[in-house]
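These notes concern the structure reproduced below.
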Amino acid sequence: MKNTKQNLVGEGVKFERIRRITGYLVGTIDRFNNAKRAEERDRVKHSIDTLKCDKKAV
Amino acid sequence: MKVVKRDGKVVSFNDTKIAIAIRKGFVNSRSATSYTEDDHNKIFTKVIEEINKRYPKDGQVPIEVIQDIIEEELKSLGYVDIYDSFSSYRTRRSESRKAFQNRQHKLMKAIESLSLKTAIEEDSKRDNANVDGNTAMGTMLQYGSTLAREFAKSYIMSPRIASAHDDGEIYIHDMDFMPMGTTTCCQINLDKLFSRGFSTGHGHLRPPKGISTYAALAAIAIQSNQNDQHGGQSIPAFDFYMAPGVLQTFKKMFKQAVKEYIDLLEITKEIDFDKFVKKVDELTTMDVDIKTFKEFYEKDKQLEKSIKKAYDMAIKKTDRETFQAMEAFVHNLNTMHSRAGAQVPFSSINFGTDISYEGRMVIKNYLYALDSGLGKGETPIFPISIFKVKEDINYFEKDPNYDLFKLACKVSAKRLFPNFSFIDSPFNLQYYKKGDPNSEVAYMGCRTRVMGNTANPDKEIATGRGNASFTSINLVRIGIKHGIATNKEPNMEEFYKEVDEKIDLVKDQLLERFKIQCSKKVYNFPFLLGQGLFVDSDGLGPEDDITPVLRNCSLGVGFIGLAECLTALIGSHHGETEEARKLGLEIVSHMRERLDNISKQYKLNFTLLATPAEGLSGKFVAIDRSIYGTMPGITDKEYYTNSYHVPVRYNISATEKIKIEGPYHALTNGGHITYIELDGDTANNLEAFEKIVRCMHDNKIGYGAINHPVDRDPVCGYTGVIGDVCPGCGRHESEGIPVEQVEHFEIRTECASCTK
Ligand SMILES: [Zn+2]
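Next comes the structure, spelled out in structure tokens:
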């Protein structure tokens, strides 16, 4: 029998997901209250195809 | 219609009060979690129907009858458990209608839910994501806050203000600190603090010598001051404050190196070392031509070589020590839990505009330290880092700090920090005096901004000032009441009338609290006032009135949910239509104007704040849903949109969002922030990232940040975007993998300092 069990690492270890909430970074979404969690879930990414406002040196 | 109260008093009929009573019946019952606001609203609608059926429009309803109707409807619609708890609550209340017992009941109720539920079950335990509600100290903190809040409501505040807060018309932030009279935050002038040394209450700290002690004392200052306030601490010009420390380190290193060389080569007699030391001590920058020291080496070739080598060595060593100092500073601010509940101080630092050699060395190394992360490569949560963008300093390609601006973009694309503030935006530029860092706008990380000063026009500066307290208005409810959500046509006259009433109510509340704050003495805030951190607090005696000092603070009036308010008023928000865009600006301009007038009238700084909605985001909407039910685009989410933001769910391009939100920055003088959300790939496109920051600058944004996913696998250390599987080691979340698989993985994340 292969003895793999004792060499396993990371069991039960979650990934950390750093997010910004009202200006502060938070290490895990678990600590957000329900409303903030919902807000984070709803965020859509903004497209950048039309970036055209670049002021050049005068 | 009128309502007859128990004491016989006749008051006008207010259906909001009924909705809130019904809501309380649900929320206070044991089975609260099995019901939603839609259930509350269903009962409410039936109760109002029933009252209208039984009483004529000009009739008088006794309050007991309203309660009977609520009970009847609860029973007939099958909410038996709520009926039971409502009627038993009613019985208990009528038995103990003495004020003291009511208060006690409320307190016990609040304590009960804290003690018996874990943070996962109890939403209020997770109000502040920086407090770990499950730890012993965290729970202790929550007992304290709960009691302080109820005490404030029952004994300190005017009843009309307390009930406006409870009913969700306004929200008084940090109410638990009201009895203590603390102020929110401070923009600390480290220069002043360092020039004479300072005392933390556990001994005097001498003026620092060298960058390591400069950085260490900066962290100590932040930690000491946060115990005197309930909000955050900000360093307005970190680079300018640290630069002298870099120069001191250089001088020490240079003298040391020259000494070592001449000792080693046994040429001590060829140089007047005391005179050399004096010459070095007189230097005002480390960026000097080596010929400055010609007089010491002109007679001796070997000496010339040694001094040149020593100079290069000293520069290198100073650079390294500066990096270590910055690394330690960041580490310190992320690990020193100096408040209960495993909280580190809420710290922010502003930097980016010092073009001196030393200042640039600070900025560069701070960014490198941020980039390399904490001990295991974790992304630092604190301090909130803010890069100040300014034309002719770091904005154009020809500018002396343009390279550092680019580096800031690169680090931000990996670590979410730094954020960017924009001194060129007219409302910030008006205070700017070239060469005076005190005149450069600084932000508290969360977004608070304190610059203008109606109370004291000579002190329109960032340093030594902060916010006293802030309170937010539920803009959405006013919109619902007077907009097409509940009427045929929006009634703007009534809308503005109520907005003004709410602003005045908040003004009264802020003044009520300001009075408590001003009644305190220097010994209540031994660091903040005792060490002269607040402007004009130098030399205040123990019994002196602190009012003149606190007048320099801002009193913030915030708002929540402009987007939902607009939808309630006219059916669309400012992301959607030009009409809403115009109306949004009109509403917020109106608010600002009123606050400017109030400021002049009271000679105080009432400022308009784009509220950071932590803790508040879901509270207003839950109450409004109980009153008005679920209204599409208004009360159909679990939260209201932040201040003037375009709703996070709305699909819009980055440019468009920046253009729409830009004008609000000029109006919200108490603080603002605009976010752009990027996916991982776009954030890694540095050209695109920089363009967004430039776009913010060009559209007169005051303060902005770019959000993108930053994930990390603690097992292998991979930092980047992680989907279901970690790209570093190939494991799924919570999955165990053979240890060899982890060891094969070498950290792939790039380090800004290595690639340079
Ligand atoms: Zn991994």
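As you go down the protein sequences, you meet chains S and A in turn.
Those letters in the first sequence? Residues 1 to 58, per my numbering, in order.
Those letters in the second sequence? Residues 59 to 814, per my numbering, in order.
Even for Gly, the Cβ is constructed at its ideal location relative to N, Cα and C.
* To do: Answer yes if the segment 254-274 of chain A comes into contact with the segment 530-542 of chain A, meaning at least three C-beta pairs across the two stretches below 8 angstroms, and no otherwise.
  => The segment 530-542 of chain A vs the segment 254-274 of chain A: no contact.
* Asked: Closest Cβ-Cβ distance between S:M1 and chain A: below 9 angstroms?
  -> Residue placement at S:M1 is flagged as unreliable, the pLDDT there being 44, under the threshold of 50; a coordinate-derived value is accordingly withheld.
* To do: Kindly say whether A:Q159, judged by its beta-carbon, lies nearer than 9 angstroms to any beta-carbon of chain S.
  => Model confidence at A:Q159 stands at a pLDDT of 46, short of 50, so the residue's coordinates are unreliable; what they give is reported in the following sentence. No, A:Q159 does not count as interfacial toward chain S.
* Asked: Does A:N765 come within less than 9 angstroms of chain S when only Cβ atoms are used?
  -> yes
* What do you reckon, is the C-beta of A:D771 under 8 angstroms from a heavy atom of ligand 1? -> yes
* Closer than 7 angstroms by C-beta to A:R505: which residues in its own chain qualify, once you throw out the five before and the five after it? Chain order, please. => Counting only Cβ-Cβ distances below 7 angstroms, and skipping sequence neighbours, we find A668, P670, G729, H730, I731, Y761.
* Rounded to a whole number of angstroms, what is the C-alpha to C-alpha distance between A:A368 and A:K352? -> 14 angstroms
* **9 angstroms Cβ cutoff, A:R535 in contact with chain S** => Nearest CB-CB separation between A:R535 and chain S: not below the 9 angstroms threshold.
* Asked: When DSSP labels each residue in this structure, what does A:I442 get in the three-state scheme?
  -> strand
* Asked: Would you say the segment 597-606 of chain A touches the segment 640-648 of chain A, given that touching needs at least three Cβ pairs under 8 angstroms?
  -> Note that the segment 597-606 of chain A does not touch the segment 640-648 of chain A; fewer than 3 beta-carbon pairs, one per stretch, sit closer than 8 angstroms.
* Give the interface partners of A:Y697 over in chain S, defined as CB-CB distance under 8 angstroms, in chain order. => A35, K36, A38, E39
* Give the straight-line distance between the Cα atoms of A:V420 and A:E95, rounded to the nearest whole angstrom. => 53 angstroms
* **Distance between beta carbons of A:F298 and A:D377, contact taken as under 8 angstroms** => About 19 angstroms separates the two Cβ atoms, so there is no contact after all.
* A:K446, buried or exposed, once every other Cβ within 10 Å from all chains shown has been counted against 16 -> By the neighbour-count rule (16 or more Cβ atoms within 10 Å), A:K446 is buried.
* **Whole-number beta carbon distance between A:A526 and A:C611, since they are thought to touch under 8 angstroms** => 4 angstroms
* Note down, in chain order, all residues in the segment 730-758 of chain A with a beta-carbon under 8 angstroms from any beta-carbon belonging to chain S. => For the segment 730-758 of chain A, residues whose beta-carbon sits nearer than 8 angstroms to a beta-carbon of chain S comprise I731, Y733, I734, E735, L736, D737, T740, A746, K749, I750, R752, C753, H755, D756, N757.
* To do: Taking the CB atoms as reference points, tell me whether A:P796 and S:V13 lie closer together than 9 angstroms.
  => no
* Asked: How far does the beta strand (DSSP E) with A:E793 in it reach, from first residue to last?
  -> From DSSP, A:E793 is part of no beta strand (DSSP E); its letter is neither H nor E.
* To do: Pick helix, strand or coil for A:I656, following the three-state DSSP scheme.
  => helix
* Identify whether S:A38 lies in helix, strand or coil by the three-state DSSP scheme. => helix
* For S:R17, write down the residues that DSSP places opposite it in a beta bridge. => A:D769
* To do: Compile a chain-ordered list of the residues in the segment 468-483 of chain A whose CB is closer than 7 angstroms to at least one CB of chain S.
  => L474
* Asked: What do you get for A:T343, buried or exposed, if any count of 16 or more other CB atoms within 10 angstroms of its CB means buried?
  -> exposed
* To do: Output, in sequence order along the chain, the residues in the segment 100-126 of chain A whose CB is closer than 9 angstroms to any CB in chain S.
  => none
* Asked: Leaving out five residues before and five after A:N477 in sequence, what residues of the same chain have Cβ atoms less than 6 angstroms from its Cβ?
  -> If we look at A:N477 and ignore the five residues flanking it on each side, its Cβ neighbours are I444, A763.
* Using a Cβ-Cβ cut-off of 8 angstroms (strictly less than) and excluding sequence neighbours within five positions of A:Y141, which residues of its own chain qualify? -> E129, L132, K133
* Is A:G786 near ligand 1, with its Cβ less than 8 angstroms from a heavy atom? -> yes
* Asked: Since A:C243 meets chain S, which of its residues come closer than 9 angstroms, beta carbon to beta carbon?
  -> Ordered by position in chain S, no residue passes the 9 angstroms Cβ test against A:C243, which lies about 12 angstroms from the chain.
* **Run of the alpha helix (DSSP H) containing A:T529, from where it starts to where it stops** => Where A:T529 is concerned, there is no enclosing alpha helix (DSSP H), although the beta strand (DSSP E) it sits in stretches over 525-532.
* **Below-9 angstroms beta-carbon distance, A:F235 vs any chain S residue** => no
* Residue burial classification, A:N700 (beta-carbon count within 10 angstroms, cutoff 16) -> It is buried - the Cβ of A:N700 has at least 16 other Cβ atoms within 10 Å.
* **A:R16 CB to nearest heavy atom of ligand 1 below 8 angstroms** => What the structure shows of chain A is the stretch from 59 to 814, and residue 16 of chain A is not part of that stretch, so it cannot be assessed.
* **A:V316: CB within 8 angstroms of a non-hydrogen atom of ligand 1** => no
* Asked: Given that a residue counts as buried once 16 or more other Cβ atoms are within 10 Å of its Cβ, and exposed if not, what is A:K448?
  -> buried
* Asked: If we count the other Cβ atoms within 10 Å of its Cβ and call it buried at 16 or more, is A:H260 buried or exposed?
  -> exposed
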